[in-house]
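Novice:
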Amino acid sequence: MTLYELKHQTKKETAKRIKKMELEFKKAPAVKLFEKTEKYDQIIAQLGIPITAKCEHHEVQFHGEVFIGYVPNKWLVGLSKMARVSEYFLNPTIKTIQEKATNQILNYLEKILKPVGMIVVIKASHGCIGLRGVKKPSLTFTMATSGCFADQRQNHKSDFLNLVNSYKI
Ligand SMILES: [Zn+2]
């Protein structure tokens, strides 16, 4: 094999690996539901789901954590599915903006689960302000709410934010 052929082959293999990786993340997650059999009407939360993606503006990586909470109505969602849905909208092959992904995760789960309410919080550190430009590593916070979490008269939102703030693994 000549050096040219070798270089060509390496390039082809890289392209193949990228394709394989894209396929891995491209599949919309099937969200399996379980019927709620217990009388449970409080928050169910999945905290600190790690994510990485690239910002649409600079194509520089950002990484952080997703926090999802909901109050179930008739259905419960498998815990791993909240991580799957987060990863679907925020993964290394995706260029997006944090606020958009926050809404997407909420809308995707809400449509399937039809809960009493849902909340999604993302805390992320963006390379585009930490590594370049102003070079001030800091945390970007976004939030989306629906149902009881959007209702000012109820405590669900502040309860959930307390969980987010006290979260430790
Ligand atoms: Zn950016």
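First residue of the sequence shown: 42, per the numbering used here; consecutive thereafter. No residue lacks a Cβ here, since even glycine has one placed at the ideal position from N, Cα and C. What you are looking at is a predicted structure, and each value in this text was computed from that prediction instead of being measured.
(1) For residue 134, count neighbouring Cβ atoms within 10 angstroms of its own Cβ and tell me buried if that reaches 16, exposed if not.
(2) Which word fits residue 158, buried or exposed, when buried means at least 16 other C-beta atoms lie within 10 angstroms of its C-beta?
(3) Could you pull out every unbroken beta strand (DSSP E) segment of at least 3 residues lying fully inside the region 88 to 116, listed in chain order?
(4) Check this for me: beta carbons of residue 137 and residue 97, under 7 Å apart or not?
(5) Express the C-alpha separation of residue 44 and residue 54 in angstroms, rounding to a whole number.
(6) Please list, following the chain, all residues that have a C-beta closer than 5 Å to any non-hydrogen atom of ligand 1.
(7) Start and end of the beta strand (DSSP E) containing residue 74?
(8) Per DSSP, what kind of secondary structure is residue 155 in: helix, strand or coil?
(9) Closer than 8 Å by C-beta to residue 143: which residues in its own chain qualify, once you throw out the five before and the five after it? Chain order, please.
(10) Quick test of the definition: if touching needs 3 or more C-beta pairs under 8 Å, does the region 115 to 125 touch the region 188 to 198?
(11) How big is the Cα-Cα spacing for residue 86 and residue 114?
(12) Could you work out which residue in 170, 151, 83, 107 is closest to residue 93 when comparing CA atoms only?
(13) My assumption, with CB atoms under 8 Å, is that residue 75 sits in contact with residue 119. Please give the rounded CB distance.
(14) Nearest by alpha-carbon distance to residue 105: which of 132, 188, 42, 156 is it?
(15) Assuming residue 66 contacts residue 168 under a Cβ cut-off of 8 Å, what Cβ separation, rounded to an integer in Å, is found between them?
(16) Mind checking which residues open and close the alpha helix (DSSP H) that includes residue 64?
Specialist: Straight from the coordinates:
(1) exposed
(2) buried
(3) 102 to 112
(4) yes
(5) 15 Å
(6) Look at which beta carbons fall closer than 5 Å to any heavy atom of ligand 1; those residues are 96, 98, 99, 169.
(7) 74 to 76
(8) coil
(9) 161, 162, 163, 183, 184, 185
(10) They do not touch, by the three-pair rule.
(11) 14 Å
(12) 107
(13) 7 Å
(14) 132
(15) Their Cβ separation, rounded to whole angstroms, is 19 Å, which puts residue 66 and residue 168 out of contact at 8 Å.
(16) 44 to 67
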